[in-house]
Every structure is written in structure tokens, then in C-alpha cells.
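Reading through the C-alpha cells given below for one structure.
In my numbering, the protein residues as written are 107 to 257.
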């Protein structure tokens with residue numbers, strides 16, 4: 107529904123820790139007009155310049171709380187991601203990205219919040235892999251963006 111607005115165009119940047127580039131990040135928005143409880147946020151399919159970055163390399167920053175893994179978010183049952191609140195998606199990649207233009211593929215995986223679905227119990231035990239289409243909610247397809255690395 108809001109596929110064109112999932113990534114803020116000027117937000118791609120490398121992330122440093124103690125003077126060493128440890129990865130990159132960019133600003134993301136939720137594709138669901140109702141927002142979601144964070145425990146339902148299952149991660150992203152992320153592809154940059156043809157290379158995929160699994161959920162295990164991702165961290166998510168929202169609501170003024172430092173970046174957390176999606177394993178940690180599973181326990182955030184009272185915390186909400188409101189529509190139009192920007193979050194930051196961090197990707198672990200030693201050395202980060204080279205300066206210049208990058209092609210990013212993205213698909214959110216947010217589990218349904220619309221009452222009981224046949225997949226609910228299975229997805230609690232075994233969440234779907236982002237990018238498979240299962241649990242993609244409002245982003246049924248992988249969306250592609252061309253972003254310039256800003257710093």
C-alpha cells in the first residue's frame with residue numbers, strides 16, 4: 107500500500123563504532139496504516155547491490171530506544187510502532203558500503219494483527235523468513251530503491 111515510502115531517500119549512511127565502520131543504516135517506515143505492536147515485527151528481506159542480509163545481521167531502532175535485534179523485539183508486547191514514525195534499520199557489514207549509488211531491495215515482515223489467522227500458532231513457534239512473502243502484510247512484493255550513500 108505504502109511501498110513507495112518505506113525508505114527515506116536521503117537516509118543511507120555507514121555506521122561507525124569507536125572509529126571503525128561496522129555497517130550501514132537507513133530510515134524506514136511501516137507499510138501498515140495502523141502501525142503495529144513491536145513483537146509482531148519479524149524483520150526484513152534486505153538486498154543491497156544483489157547481496158542479501160538476513161535477519162540475524164539486522165537491528166531495529168524505534169521510540170528512542172537503542173538498536174535491538176528482532177529476537178529482542180519478540181518480547182516488546184506493549185511497545186507500538188506508530189504509522190508515520192520513522193525507525194532506523196541497521197545492517198551489520200564490516201567496512202560498510204562504498205560511497206555512491208546503491209540498489210536496495212526491501213520487504214517488511216509484520217505478522218497479522220487482525221484476529222486469529224490459521225498461521226498464527228505456527229508463526230509464533232517458527233516465524234516465516236522475510237522475503238518469502240509469508241507475513242509480508244501490506245508489502246506483498248520486494249520493493250526496490252536507488253539510494254545514494256550520504257556519509
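Ideal Cβ positions, reconstructed from N, Cα and C, are used throughout, including at glycine.
Secondary structure of residue i, DSSP reduced to three states
i	result
residue 179	helix
residue 215	strand
residue 255	coil
residue 163	helix
residue 195	strand
Spatially closest choice to residue i from the options, by CA coordinates
i	options	result
residue 126	198, 253, 249 and 216	198
residue 207	255, 153, 189 and 158	255
residue 100	118, 157, 180 and 142	No information on residue 100 is available, as it lies outside the stretch 107 to 257 that the chain covers here.
residue 172	149, 120, 151 and 196	196
residue 155	144, 204 and 179	204
residue 134	119, 193, 200 and 250	193
Start and end residues, beta strand (DSSP E) containing residue i
i	result
residue 128	126–134
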